[in-house]
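Mapping of the sequence shown onto my numbering: residues 15 to 118, in sequence order.
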Amino acid sequence: MVVDMDNNKTDIIGKLIEVSYGVDYTDRYFRPANLHTYVFEQDKQRYVWQSKYRCQQELTEDSTYHLKVAVGERLLGGRGLSISDVEFVSEMTIKDNVIHLTTE
């Protein structure tokens, strides 16, 4: 994890492990909510992004993404860290032992 001191954003290269809708991860009881949830994982640390709006980026579970994010509070029950102000830098794929970057 690298923190950019100019804009207080952190670089994360994480695998998208879950995309869901309707559950509030910040709520102790996982109550229903009108939220889109995206869970990324990097080095066994989970990062949870929740938004009222669906992500404009075409995301695929099990794909790896380079993100710039604002890291927030640790979520209850070891659910990970809350992230916001998410900026997608690129999608990364490994094919024939070569890393390919897809930027927009």
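Note that beta-carbon positions come from the ideal geometry of N, C-alpha and C, so glycine has one too.
Query: Residue nearest to residue 23 in terms of C-alpha spacing, selected from 116, 102 and 106; Result: 102
Query: N-terminal and C-terminal residue of the beta strand (DSSP E) that residue 48 is part of; Result: 46-56
Query: Other residues of its chain near residue 44: CB distance less than 6 Å, five sequence neighbours each side excluded; Result: 37
Query: Rounded straight-line distance, which links the Cα of residue 100 to that of residue 107; Result: 20 Å
Query: Residue 52 versus residue 63: straight-line alpha-carbon distance, rounded; Result: 5 Å
Query: Whole-number beta carbon distance between residue 86 and residue 96, since they are thought to touch under 8 Å; Result: 4 Å
Query: Span separating the alpha-carbon of residue 70 from that of residue 48; Result: 17 Å
Query: Burial state of residue 2, where buried means 16 or more other Cβ atoms lie within 10 Å; Result: Nothing can be reported for residue 2: it is not among the residues displayed for the chain, which extend from 15 to 118.
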